Amino acid sequence: MHFSDRIQALKISPIRRLIPYADAAKAQGKKVYHLNIGQPDIKTPQGYFDAIHKFTTDTIAYQPSQGILPLREAIANYYQGFGVPFEPDDIYVTCGGSEALSFAVNILCDPGDELLVPEPFYANYNTFTRLSLAKIVPIPTKAETGFHLPPEEVVESLITPRTRAFWVSHPCNPTGVFYTPDEVHMLCRLAKKHDLFVIADEAYREFVYEAGEYMSFGQVEDAHDRVIMIDSVSKRYSVCGARIGWIAIKNKEFNAQVMKLCQGRLSVSEIEQIGVTELYRTTPKSYLQEVNKEYKMRRDVLYKGLKAIDGAVCHEPKGAFYTMVKFPIDSSEKFIIWMLQNFDINGETTMAAPGNGFYADPNKGLDEMRIAYVLKKEDLEKALNILKHAIEAYPGRLAIKA
Ligand SMILES: Cc1ncc(COP(=O)(O)O)c(C=O)c1O
2 MHFSDRIQAL KISPIRRLIP YADAAKAQGK KVYHLNIGQP DIKTPQGYFD AIHKFTTDTI
62 AYQPSQGILP LREAIANYYQ GFGVPFEPDD IYVTCGGSEA LSFAVNILCD PGDELLVPEP
122 FYANYNTFTR LSLAKIVPIP TKAETGFHLP PEEVVESLIT PRTRAFWVSH PCNPTGVFYT
182 PDEVHMLCRL AKKHDLFVIA DEAYREFVYE AGEYMSFGQV EDAHDRVIMI DSVSKRYSVC
242 GARIGWIAIK NKEFNAQVMK LCQGRLSVSE IEQIGVTELY RTTPKSYLQE VNKEYKMRRD
302 VLYKGLKAID GAVCHEPKGA FYTMVKFPID SSEKFIIWML QNFDINGETT MAAPGNGFYA
362 DPNKGLDEMR IAYVLKKEDL EKALNILKHA IEAYPGRLAI KA
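As numbered in the working numbering, residues 2 to 403 make up the sequence shown, in order.
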C-alpha cells in the first residue's frame, strides 16, 4: 500500500489526539472537563432552525459554485456595516472557513513557498501548508509580550524571495491576541512593499473584549486587493456543524483562481446556506453582544484561575476564546495523559490541548497548553481548580524559575 509523502507528513490534530485517553477516563465513570476544543456551548439563534424547518423542495440540487446570492448579499451587507466594501461578487462561500484556508494556500503557494505566520498558530495551518508542500516560517511571539508582533524590521527580515503571504488569525486562536491598528497597517504596508498577500482569518471577529480597538484587515483601504479575508459563521453564530464560511477579496485575478476551486468541488450545501442567510437577516445585534458578554466573563474567570496556578506563564487574552499557557512541567502531553489517567477531584478531571501542535516545529511549546474557555462559569472554575491541583501533584513538575 502506498500513501503520498504529503499525507504522511500531516499530524493528527493536537486538539483531538488525546481524546482516547479522555474516553477511557469517561469509561471509568469520570467526568472530563474539555478545555481542549473550541466547541461553544452557546445556543444557535432560532432563525437558523426556522429557515430549515420552512425549507421544501422537490430535488436537492447543486447550488451555484460561488454560493447562493441571498447569502452573499447578506454577507456583503454585514461587512459594509463596519466599513469593509465587499460586494456579493467578491464573496465565495466555502465549506467552513477551513476550506477557505485551504483554497488560499493552494492559490498562493508552489512547493517550497513560504508563509509568514505569528507563532504559536492554529494547528490546521500546518495541515493546509504541508498539503501544498509549502512551508510556514514562524514570526515568533510570546506570552510575556501578550503575543504581539515583533518590531517591523524583525518581521521584514523574515521575508525571502519565496514568501507569498502573511497569515494571521485575528483575534487569534490559540493565543487570544488581536493585533493593534498599527500592527494591521504594518503587515499591509510590508505586503505592498514586497508584493505579498495578507491572509486575514477573522473567524473570531466579534470575540473581542476591549472596546474600540479592533480593526479588520478589510478596513485598510489601500490594501483591498491584497487582503484575502477568511471568515466563518461557526463560532459567530454557534453553528460549527453547518460548515459555512467564505473567502473574499476585492481582486478579480485572485477571484478567478478561487472560482476554479469552487467549481472543482461543485457546490456547498443548499439548506445550510439558507439557514445561515436567515441568521444574517434575523439575528438581533443583541445576540452577539450577549455572547460577547458571556465570553468576557469566562475570560475573566479563566485568567483569575490561571494566575492562581504557581509558575503558570500567561497573559490576559483579549479576544477569541483561547489562550496558550506555559506550566512548570516536563511535557504537557505527558501531563495531560497523566491527569486523565491518574488525577481527579471527586471523580472529575480536566483535559487541555498539548502546546507543540501549535508550532511549526513539534519540539517547541512542549511545556505549553492551549486552553479553550468554552464552558459555563461553574464548570470552568471546577476545571481550573482541578488543573491547579493536578499540576501541584504531577510527578514531572519542575522547579519554578525565579
Ligand atoms: C482560527 C480558525 N480559523 C478557521 C477555523 C475554521 O472554522 P470552520 O471551518 O468551522 O469555519 C477555526 C476553527 O476552529 C479557527 O479556529
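We put the CB at the ideal spot given by N, CA and C, even for glycine. Predicted model, so just to flag it, every value in this text is computed and none were measured.
Within the same chain, show all residues whose beta-carbon is closer than 7 Å to that of residue i, passing over the 5 residues directly before and after it, in chain order.
i: Tyr-22; result: Ile-338, Leu-341 and Gln-342
i: Val-292; result: Ile-43
i: Tyr-79; result: Tyr-281
i: Leu-399; result: Pro-329, Ile-330 and Asp-331
i: Gly-84; result: Gln-220
i: Glu-120; result: Pro-139, Ile-140, Pro-141, Thr-142, Tyr-360 and Ala-361
i: Lys-27; result: Val-33
i: Ile-38; result: Ile-16 and Ala-373
Between residue i and ligand 1, is the CB less than 6 Å from at least one heavy atom?
i: Asp-232; result: no
i: Asp-42; result: no
i: Tyr-238; result: no
i: Ser-217; result: no
i: Ala-144; result: no
i: Asn-174; result: yes
i: Ala-243; result: no
i: Gly-177; result: no
i: Tyr-281; result: no
i: Tyr-374; result: no
i: Tyr-123; result: yes
i: Ala-354; result: no
i: Ala-361; result: no
i: Ser-235; result: yes
i: Gly-358; result: no
Throw me the rounded Cβ distance for the residue i and residue j pair, which I believe falls under 8 Å.
i: Trp-247; j: Ala-52; result: Actually they are not in contact, since the Cβ atoms of Trp-247 and Ala-52 sit about 18 Å apart, beyond 8 Å.
i: Leu-72; j: Val-277; result: 6 Å
i: Pro-172; j: Lys-319; result: 7 Å
i: Pro-175; j: Met-325; result: 5 Å
i: Phe-167; j: Val-209; result: In fact, because the Cβ distance is near 20 Å, the residues do not count as touching under 8 Å.
i: Ala-373; j: Phe-322; result: 6 Å
i: Ile-160; j: Ala-201; result: About 18 Å separates the two Cβ atoms, so there is no contact after all.
i: Asn-127; j: Lys-261; result: No, Asn-127 and Lys-261 are not in contact; Cβ-Cβ is about 25 Å, not under 8 Å.
So if DSSP puts residue i in a beta bridge, which residue, or which two residues, is it bridged to?
i: Tyr-93; result: Ile-248
i: Arg-371; result: Met-325 and Ala-354
i: Lys-32; result: Glu-349
i: Pro-141; result: Glu-120
Under 6 Å Cβ to Cβ from residue i, same chain only, skipping five residues before and after it: list those, please.
i: Lys-31; result: Asp-345, Gly-348 and Thr-350
i: Leu-132; result: Arg-7
i: Glu-334; result: Pro-355
Report all residues from its chain with a CB closer than 8 Å to the CB of residue i; omit the five preceding and five following residues, and keep chain order.
i: Tyr-49; result: Tyr-238, Val-240, Ala-243, Gly-276, Val-277, Glu-279 and Leu-280
i: Leu-289; result: Glu-207 and Arg-237
i: Ala-204; result: Gly-98, Ser-170, Asn-174, Ile-231, Asp-232, Ser-233, Ser-235, Lys-236, Arg-237 and Gly-246
i: Lys-308; result: Cys-315
Run the proximity test for residue i: is its beta-carbon closer than 6 Å to any non-hydrogen atom belonging to ligand 2?
i: Ala-201; result: What this structure holds is ligand 1, not ligand 2.
Please give the ranges of any alpha helix (DSSP H) in the segment 232-287, keeping only runs that are unbroken, at least 4 residues long and fully inside the region. Whole alpha helix (DSSP H) segments, 4+ residues: 253-265 and 271-283.
In the segment 61-116, which residue ranges form an unbroken alpha helix (DSSP H) of at least 4 residues, counting only runs that do not cross its ends? Taking only runs of at least 4 residues, the alpha helix (DSSP H) segments lying wholly in the segment 61-116 are 70-81 and 97-109.
Counting only runs that start and end within the segment 161-243, where is the alpha helix (DSSP H) found for 4 or more residues in a row? Those alpha helix (DSSP H) runs which fall completely within the segment 161-243 and span 4+ residues are 182-194.
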